[in-house]
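>
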Amino acid sequence: MQQLLPLALLLAAQLVSGHFEIQYPHWRGDSFLPPASQYVFPCANVNTTDASNNNRTLWPLDGGSLVIDFHHPWSYVSFNLGFGSDTNTFNISLNPMLLNVTGNGTICIPKWNLPADLGIVDGMDASLQVINIGDTGTALYNCADIRFTSNATILGGDQCQNTTGVEIYPLVQQQADGSIEGATATVTVTASAAGASATNGAAMGMSAPGLGSLALSTILAIALILAS
């Protein structure tokens, strides 16, 4: 039994190292602990409960802060929104272009601006779904429950810290001649020891990594997500 313990700890460490964590808004529950599994759509087999409903993070009506800890050297990320206190439908895509995250560590987006036509009102409940696709092409899921309120504020600079060297860019197609098609960024965050900045829906004129030699398994995983 004592010989099995180090092996179990090693396997657990490898499992955690390949996953990710929503740090803010506070995730619905710890998806590293069974019976939760980040491989399970839509929210890692972590369901809403009375406790999670009472612990919703308050978010401004026009968008709030996001803090995510990534454990892959690179991955693709999608953010989706669903309205209601117990929703399994995340039909509002917050980034029509997939985002490419490079580097292990934490990214804080001080404010993710929401579209003005969503009809969000004070006191409305919603949930955020984050989908993370690593180098194997496997999709991982986590969710965070929020409540929109006019009294909520975004995170301050001391709460919005980033790991140096972690970057997030929109995923766009690279042409055969090396040029980037549609290189205007919808969201660009360059992480540093200080706070990051983010803008969605604004012309930033920033280039982004192309698809390059994207594995077939990853393409299939992305296609399944976009089709769902």
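One point on numbering: in our numbering, the residue at position 187 of the sequence shown is 187, and numbering is uninterrupted. The C-beta atom is built at its ideal place from N, Cα and C for all residues, glycine as well.
(1) Across the segment 113 to 123 and the segment 58 to 69, are there enough close Cβ pairs to call them in contact, namely three or more that are closer than 8 Å?
(2) Would DSSP call N80 helix, strand or coil?
(3) To the nearest angstrom, how far is it from the Cα of D125 to the Cα of D145?
(4) Using only the alpha-carbon positions, how far apart do P35 and F20 sit?
(5) So, at 6 Å on beta carbons, what are the nonlocal neighbours of I313 in its own chain, with the 5 sequence-adjacent residues on each side left out?
(6) Among M97, Q129, N95, D69, which one has its Cα closest to the Cα of N104?
(7) Report back the beta-carbon spacing between A44 and S52 to the nearest angstrom; my notes put them in contact at under 8 Å.
(8) Roughly how many angstroms separate the alpha carbons of A139 and S85, rounded to a whole number?
(9) What residue range does the alpha helix (DSSP H) around S52 cover?
(10) Any idea what DSSP makes of L33, helix, strand or coil?
(11) Measuring alpha carbon to alpha carbon, tell me which residue in G137, N142, Y141, I107 is nearest C160.
(12) Cutting at 6 Å between CB atoms, please list the residues of its own chain near S93, excluding the five before and the five after it.
(13) With W59 as the anchor, note down where its beta strand (DSSP E) starts and where it stops.
(14) Start and end of the beta strand (DSSP E) containing I120?
(15) Helix, strand or coil, according to DSSP, for N47 in the structure here?
(16) Would you mind giving the Cβ-Cβ distance between S127 and G82, rounded to the nearest angstrom? I have them listed as a contact below 8 Å.
(17) Could you tell me how far apart the beta carbons of L99 and Y169 are, in whole angstroms, since I believe they sit closer than 8 Å?
According to the structure shown:
(1) yes
(2) strand
(3) 8 Å
(4) 17 Å
(5) Only positions 1 to 228 of the chain appear in the structure, and residue 313 is not among them; the question remains open.
(6) Answer by Cα proximity: D69.
(7) In this structure A44 does not touch S52 by the C-beta definition: roughly 13 Å separates them, more than the 8 Å allowed.
(8) 24 Å
(9) 50 to 54
(10) coil
(11) If we check each option's Cα against that of C160, I107 comes out closest.
(12) N80
(13) 57 to 59
(14) No beta strand (DSSP E) contains I120, which DSSP labels as neither H nor E.
(15) coil
(16) 5 Å
(17) 7 Å
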